[in-house]
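Asks: Chains as they are written, first to last, in this note's numbering: chain U, 1 to 234; chain R, 235 to 527. We put the CB at the ideal spot given by N, CA and C, even for glycine. I'd like to ask you about the structure that follows.
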Amino acid sequence: MLSVEALKIRYGEVEAVRRVDLTVGSGEIIALVGANGAGKSSTLGAVAGLVPAASGKVVFDGVDITGLAPEAIARKGVALVPEGRRIFASLTVADNLRLGGAVHQPAAEARLREEEMLELFPILRRYHRVKGGNLSGGEQQMLAIARALMGKPRMILLDEPSLGLAPQLIDTVFDLIAELRRKGLTILLVEQNVALALEIADRAVVLANGEVVLSGTAKELASSDLVRQAYLGA
Amino acid sequence: MIAQQIINAVSLGGVYALLALGLAIVFSIVGLINFAHGELMTLSGYALLASLVLGFPFPVAVLVAVSCGALAAVAMERIAFRPMRGASVTSLLLTSFAVSSLLKVVFQNGISARPQAVAMPGWMTGAFSFGDFTIGVGPSISIVVSALALIALEVFLRRSVTGTAMRAAAEDFDVVRLMGIPASRIIATAFLLSGLLAGLAAMLWVAQRASVDPLMGFTPVLKAFIAAVVGGLGSLPGAVAGGFLLGIIEVLLQATLPGAIAPYRDAIVLSGVIAVLLVRPQGLIPAVRAQRS
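In structure tokens, the structure reads:
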């Protein structure tokens, strides 16, 4: 469904991503793991159109989307849940959700979709009229995911969904990710918590210094010596 | 007499509020302080003059003039600011100065450096009185128009999807784009609204003075800029509060200062502005912006 080919990203003189190749099949969860600064978020940013690629290609559903504006990529059915959640703090939960689904469907359909989201995230129904900035970190993460789902994406890019969350909340978020996958959503997951990511993913790609150093099924990687030593602390 | 002064104060404050709001809307979305905002006002003034000279009925002429302000703002963005998208704040500021100077010269050389009289309908300069009070028609209309414009804008920003997206974009523009909402639509709407507000302000300004000149927009927009800073740059409620505050203080000082001190009115007002900013550097009602590393 998605393929990233020889992606290179530069910020001025700094090469954040040297070369990343990866593919995500329909209905798969692919984990993109690695240390801080390995180029994971930059790669997601390039797929979503927020970060320009210096060279290489991003192909979604057979269409080259490299260099398209973020809004154009979003309309093709790719939704990014950015690192740090970035919900609109001064807008109510309802308005955050409304914007998420505004351009992807007629208004009546968007209302149905919102109702589905409120079923999936009961906490958001309780805080429907509350400003996003007043929610806790975990609630904001739920809102950020729900907002991305409002547009009925076919693929969702999750950037560090566990960051800064309490352990029980992390479990809740990962249960949710597993449920979304069961519903057929394709997921590209960036995660620093490698153990957790390998538990949920089908396949994983390990980045270090802007390059792919290892890739394979999640099971293979979980038992590989490199991953065990470098990321799982075993 | 006091009632008349209060009406004048609120009416001037309303004009400043409309202008400050126009500056704040654009600033909140694209980070540009548009110093050519005053020329949008001047342009609307000339459009009113031209429509009246062409013999349009007064309401039609006003409609044409306000629309001209709005369209000119959108054109300004397309021609001058869009190519500069992503440029530094300083470059944007210089661009807006360039547009402002250019338009002033066009008005001076193309029309006339001297003020042109605008034939406002007679009823506008009238007054109505009840009991001991005499209240000017012009200032009263000005208050009503400002209030209606503020309410309409509030409803648009709260209820419509584009308005909600604009409030969101003031906080975090990139994420709005991730929702699939086109950046160009948000920016064009911001300029359209600012031009609309400048056009309305121009009508109220001309109604009080019955003339247009190439530098007409300079002073009110400078005042509006001060109002926007006092209110909290980029904050819409702040712009409105700052506008009314500034208008009211100006008129009150005008009415109460003894003759010998009256020439120092602006100095006194600006000292007040400095005092406010020393206590509240972010303005009276600071803008909300995403805090990101």
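Answer with buried or exposed for G247 (chain R), where buried requires no fewer than 16 other C-beta atoms within 10 angstroms of its C-beta.
Replies: buried
Asks: Pick helix, strand or coil for L124 (chain U), following the three-state DSSP scheme.
Replies: In the structure shown, L124 (chain U) adopts helical secondary structure according to DSSP, grouped into three states.
Asks: Select from R:P355, R:L479 and R:V474 the residue whose C-alpha is nearest the C-alpha of I385 (chain R).
Replies: R:V474
Asks: Would the region 462–472 of chain R count as touching the region 252–266 of chain R if we require 3 or more Cβ pairs under 8 Å?
Replies: yes
Asks: Only counting the same chain, and skipping five residues up and downstream in sequence, which positions put a Cβ closer than 7 Å to that of P70 (chain U)?
Replies: A48, G49 and L50
Asks: Less than 8 Å separating the beta-carbons of L487 (chain R) and V510 (chain R)?
Replies: no
Asks: Just to make sure I have the definition right: I need the residues of chain U whose C-beta is within less than 7 Å of the C-beta of G414 (chain R). Which are they?
Replies: E71, A74, R75, V103, H104 and G151
Asks: Any chance the region 74–86 of chain U sits against the region 147–164 of chain U, with 3 or more Cβ pairs inside 8 Å?
Replies: yes
Asks: Taking three-plus beta-carbon pairs below 8 Å as touching, is the region 262–271 of chain R in contact with the region 414–434 of chain R?
Replies: yes
Asks: Out of curiosity, what's the CA-to-CA distance linking Y250 (chain R) and A321 (chain R)?
Replies: 29 Å
Asks: So with Cβ pairs under 8 Å, would you call R401 (chain R) a contact of chain U?
Replies: yes
Asks: Count the other CB atoms, across all protein chains shown, that sit within 10 Å of the CB of R95 (chain U); report buried if there are 16 or more and exposed otherwise.
Replies: Note on residue identity: the sequence assigns Asp, not Arg, to residue 95 (chain U). By the 10 Å Cβ count, D95 (chain U) comes out buried.
Asks: Tell me which residues share the same chain as M117 (chain U) and place their Cβ nearer than 8 Å to its Cβ, disregarding the 5 neighbours each side in the sequence.
Replies: L97, L124, A146, L149 and M150
Asks: How long is the line joining the alpha carbons of L120 (chain U) and S3 (chain U), rounded to whole angstroms?
Replies: Roughly 30 Å between the two C-alpha positions.
Asks: Can you tell which of R:D366, R:S394, R:L253 and R:Q238 has its C-alpha closest to the C-alpha of G372 (chain R)?
Replies: R:Q238
Asks: Taking A351 (chain R) as the reference, which of R:G493, R:R443 and R:I495 has the closest Cα?
Replies: R:R443
Asks: Please go through the region 107–158 of chain U and give each complete alpha helix (DSSP H) segment of 4 or more residues, from N-terminal end onward.
Replies: Here the runs fully enclosed are 107–120, 122–126 and 137–149.
Asks: Can you tell me where the alpha helix (DSSP H) holding Y250 (chain R) begins and where it ends?
Replies: I236 to V264
Asks: Excluding the 5 residues flanking I241 (chain R) on each side, which residues of the same chain have their C-beta closer than 8 Å to its C-beta?
Replies: I369, G370, P373, S374 and I377
Asks: Take the Cβ of R182 (chain U) as the centre, count every other Cβ of all protein chains shown within 10 Å, and call the residue buried at 16 or more, exposed below.
Replies: exposed
Asks: Does DSSP put G472 (chain R) in a helix, in a strand, or in coil?
Replies: In this structure, G472 (chain R) counts as helix in the three-state DSSP scheme.
Asks: If you reduce the DSSP assignment to three classes, tell me which class S236 (chain U) lands in.
Replies: Past the edges of chain U, shown from 1 to 234, lies residue 236 (chain U), and the structure says nothing about it.
Asks: Going along the chain, which residues of its own chain have a beta-carbon closer than 6 Å to the beta-carbon of G244 (chain U), five neighbours each way excluded?
Replies: Within the shown structure, residues of chain U are numbered from 1 to 234, placing residue 244 (chain U) beyond reach of any answer.
Asks: DSSP three-state label for T217 (chain U), please.
Replies: T217 (chain U) sits in a strand when the DSSP states are folded into three classes.
Asks: The alpha helix (DSSP H) with I29 (chain U) in it runs from where to where?
Replies: Per DSSP, I29 (chain U) belongs to no alpha helix (DSSP H); it is in the beta strand (DSSP E), I29 to G34.
Asks: Given a cut-off of 8 Å, decide if G137 (chain U) and G100 (chain U) are closer than it, judged by their beta-carbon atoms.
Replies: no
Asks: Determine which residues share a DSSP beta bridge with A351 (chain R) and list them.
Replies: BP columns for A351 (chain R) point to R:S445.
Asks: Please list the partners that T368 (chain R) has in chain U, where partner means a Cβ-to-Cβ separation under 9 Å.
Replies: Neighbours of T368 (chain R) on chain U: none; closest Cβ ~44 Å, over 9 Å.
Asks: Please say whether A178 (chain U) and A201 (chain U) have beta carbons closer to each other than 8 Å?
Replies: No, the Cβ-Cβ distance between A201 (chain U) and A178 (chain U) is not below 8 Å.
Asks: When the cut-off is 8 Å and only beta carbons count, does G12 (chain U) lie next to chain R?
Replies: no
Asks: Can you tell me whether DSSP reads Y557 (chain R) as helix, strand or coil?
Replies: As shown, chain R starts at 235 and ends at 527. That puts residue 557 (chain R) outside it, with no answer to give.
Asks: Going by CA-CA distance only, name the one from U:S42, U:I30 and U:T23 that's closest to Y11 (chain U).
Replies: U:S42
Asks: Who does A270 (chain R) pair with in a DSSP beta bridge?
Replies: None, per the DSSP bridge assignment.
Asks: Any beta-carbon of chain R closer than 8 Å to the one on R98 (chain U)?
Replies: yes
Asks: With 8 Å set as the bound, which would you pick, yes or no: does the beta-carbon of T398 (chain R) sit closer than that to a beta-carbon of chain U?
Replies: T398 (chain R) counts as touching chain U.
Asks: Quick check on the burial criterion: 16 or more other C-beta atoms within 10 angstroms. Buried or exposed for L512 (chain R)?
Replies: Here L512 (chain R) is exposed. Its C-beta has fewer than 16 other C-beta atoms within 10 Å.
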